[in-house]
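Worksheet: the structure to be examined is printed underneath.
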Amino acid sequence: MQLEKSILVNSHFQLQWEEQQNCYVLLYPEGMVQLSQSAGEIMNLCDGKHTINSIVKELEDKFDMKGLEGDVVEFVDDAIERKWLLNNE
Amino acid sequence: MNNEIKPPLWLLLELTHKCPLECSYCYNQLDFASTKDSLTKEDWFKVMEEARAMGAVQLGISGGEPLLHKDLVEIIQKANDLKFYTNLITSGVGADISILQKLKDAGLKTIQLGIQSHNETTTTLITNNKNAYKDKIAFAKEAKRLGIQLIVNSCITRQNIGEIGDIIEFAESLNANYLEVANIQYYGWALENIDALLPTQEQLDEAKRVTDHYRDKRPDMKVFFVVPDYFATRPKACMNGWGSTFLTINPDGLALPCNTANTLPLEFPNVKDFTIKEIWNESHAFNYFRGDKWMNPTCSACPEKEKDFGGCRCQAFALTQDMHEADPVCDKSLHHEVVTEIVKKSLNSFDAKPLYRNRVNSLKFVK
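So the protein lines, in turn, are chains A and B.
Under my numbering, the first residue of the first sequence is numbered 1, with each subsequent residue one higher.
Under my numbering, the first residue of the second sequence is numbered 1001, with each subsequent residue one higher.
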């Protein structure tokens, strides 16, 4: 995982905040994943501009926490594996 | 059972029941010719707005053939603006190929394309439309060229079950993202034609084996295999439970808990008379099979009732003439022999000719 690479949500999926469900959801053909708060916050920053480093920094500032890099990298790796996220080539 | 009413998640719009294809396995009602296309564009917009406000996120656009509807592009655009995840369920036949660019620009996410065969002769035989094969291939290629996600849906019957390996390879050659090998369910035209369509248990086992073989080799195309319930001993959890997840609106404006629910002796509300919220939460028809109070003793005493909700109401009614019965595919049903008899009769019908699904044939069923 290159921390300076930017990533984005796979355009075949659709990420959005759902008021009724009080969480971010990821929609795909005939299905939906309700994302945990941390997964939703990370994916919401995967806009093709943010790098892993800048996502980590932004979330650490937002939630006043340190040492989130490991969790973010682990989630992004897993989400790329699932094709939810893509490297921005 | 929990009787709290959860909002619908999935909205299916059947824009029209007109279709350029005449597939004899269609689940549409036999008398579809009497269903009018009576909703305006604004009616469809209102339905989508109200369902979305309740929390619906998935939108299927179907029919009949939705490409025949003049407001299709605007309806997709509206759905996308409302943040539905949009899925066009289509034969790929019935509109100029240039419509795909317009649909893409309107935000369409996914196309679910029906493919009957890798072979032109089989496709023509099943669809009774000699342009179908060429039109479908052109449609699939243009969709992929534009970067639209493609699901190939292949309805499987006795007419094409021997070709599953070829169909999988064909779907792959079209660069499908997903393939659904959908052994058909027997409703509407399919039930009328079952003697010509039902495969044998051996054919199904072989089809499953071939599908599994290909599935392991094809990591880039997800393959789903839908098993027909006539060979099962437990019913499917139809529509994830009546009035729990799915809402269908038919061309006439009828709101239905599933695509075929208006075959039941219930009065369904029309979106021209009520809001989606009223229909979903308050209507007699949508509440009728919620929970377990409606169940007969076979189901109400069954430990699996929260898993399959007694199965499909339309199937129970079509095969036992009582919509409160257990779905007779269940081997606990007192009417299970109805299914085994239909299977036996069908498999002994070697010369049955299917009735094509078209307007002329449909008019014979209009009362």
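Quick reminder that beta carbons are idealized off the backbone N, C-alpha and C, glycines included.
Residues of chain A with CB closer than 8 Å to the CB of Y1027 of chain B, please, in chain order.
The residue labelled residue 1027 of chain B in the question sits at position 27 within the second sequence. Per Cβ cutoff of 8 Å: no residues; Y1027 of chain B is ~17 Å from chain A at best.
So, with DSSP's three-state summary, where would you put H50 of chain A?
Reading the first sequence from its first residue, position 50 is the one you call residue 50 of chain A. Residue state, collapsed to three classes: strand.
I'd like to know whether the C-beta atoms of V1223 of chain B and Y1214 of chain B end up nearer to each other than 8 Å.
Here the question's residue 1223 of chain B lines up with position 223 in the second sequence. Here the question's residue 1214 of chain B lines up with position 214 in the second sequence. Cβ atoms of V1223 of chain B and Y1214 of chain B: closer than 8 Å.
I'd like to check one pair, C1238 of chain B with G1311 of chain B: are the Cβ atoms closer than 8 Å?
Locating residue 1311 of chain B in the second sequence gives position 311, where the first residue counts as 1. Locating residue 1238 of chain B in the second sequence gives position 238, where the first residue counts as 1. Yes, the Cβ-Cβ distance between G1311 of chain B and C1238 of chain B is below 8 Å.
Since V1338 of chain B is in the alpha helix (DSSP H), which residue starts that stretch and which ends it?
For the purposes of this step, residue 1338 of chain B is taken as the residue at position 338 of the second sequence. Segment H1336 to L1347, the alpha helix (DSSP H) holding V1338 of chain B.
What first and last residue would you give for the beta strand (DSSP E) that runs through L1013 of chain B?
Translated into the one-based positions of the second sequence, residue 1013 of chain B becomes position 13. Unbroken beta strand (DSSP E) run through L1013 of chain B: W1010 to E1014.
Can you give me the C-alpha to C-alpha distance between M1001 of chain B and D1308 of chain B, rounded to a whole angstrom?
Taking the first residue of the second sequence as 1, we reach residue 1001 of chain B at position 1. Taking the first residue of the second sequence as 1, we reach residue 1308 of chain B at position 308. Residue confidence is low: M1001 of chain B scores 45 on pLDDT, short of 50, so the model does not pin down where it sits. Its coordinate-derived value is still stated next. Cα to Cα, M1001 of chain B sits roughly 12 Å from D1308 of chain B.
How would you list, in chain order, the residues of chain B whose beta-carbon sits under 9 Å from the beta-carbon of V25 of chain A?
Within the first sequence, numbered from 1, the residue matching residue 25 of chain A stands at position 25. Going along chain B in sequence order, the residues near V25 of chain A (Cβ under 9 Å) are V1057.
Determine the closest residue to D1037 of chain B out of B:H1118, B:H1017 and B:A1056, with distance taken between C-alpha atoms.
Position 37 of the second sequence, counted from the start, is the residue given in the question as residue 1037 of chain B. It is B:H1017 whose Cα lies nearest to the Cα of D1037 of chain B.
If the criterion is Cβ atoms closer than 8 Å, does the pair Y1178 of chain B and I1151 of chain B meet it?
The residue you call residue 1178 of chain B lines up with position 178 of the second sequence. The residue you call residue 1151 of chain B lines up with position 151 of the second sequence. Yes, the pair counts as a contact, with Cβ atoms nearer than the cut-off.
I want to verify the contact list: residues of chain B whose CB lies under 8 Å from the CB of M12 of chain A, in sequence order.
As a position in the first sequence, residue 12 of chain A is number 12, starting the count at 1. It is worth fixing the name first, because residue 12 of chain A is His in this sequence and not Met. Within chain B, the residues near H12 of chain A are K1109, T1110, Q1149 and N1177.
Using the Cβ count rule (16 or more neighbours within 10 Å means buried), how would you classify N87 of chain A?
Sequence index remark: in the first sequence, residue 87 of chain A carries index 87 (1-based). Exposed, since its Cβ has fewer than 16 Cβ neighbours within 10 Å.
Buried or exposed, going by whether 16 or more other CB atoms sit within 10 Å of the CB of Q37 of chain A?
For the purposes of this step, residue 37 of chain A is taken as residue 37 along the first sequence, with counting starting at 1. Answer is exposed; the Cβ neighbour count stays below 16.
Check the Cβ-Cβ distances between D1351 of chain B and every residue of chain A, and say whether any is below 8 Å.
Mapped onto the second sequence, residue 1351 of chain B falls at position 351. Not one chain A Cβ lies under 8 Å of D1351 of chain B.
Is the shortest distance between the beta-carbon of M43 of chain A and the beta-carbons of chain B less than 8 Å?
As a working note, residue 43 of chain A is residue 43 in the first sequence. With 8 Å as the cut-off, M43 of chain A does not count as an interface residue toward chain B.
Using the three-state DSSP reduction, which class does Q37 of chain A fall into: helix, strand or coil?
For the purposes of this step, residue 37 of chain A is identified with residue 37 of the first sequence, where counting begins at 1. Note: Q37 of chain A maps to helix in three-state DSSP.
Flag this pair as yes or no: are the beta carbons of E1065 of chain B and T1086 of chain B separated by less than 8 Å?
By 1-based counting over the second sequence, the position of residue 1065 of chain B is 65. By 1-based counting over the second sequence, the position of residue 1086 of chain B is 86. Cβ distance not < 8 Å, so E1065 of chain B and T1086 of chain B don't count as in contact.
Counting only beta-carbon separations shorter than 8 Å, does K1083 of chain B have a partner in chain A?
As a working note, residue 1083 of chain B is residue 83 in the second sequence. K1083 of chain B counts as touching chain A.
Note down, in chain order, every chain A residue with its Cβ under 7 Å from the Cβ of P1007 of chain B.
On the second sequence, position 7 is the one that residue 1007 of chain B refers to. Per Cβ cutoff of 7 Å: Q20.
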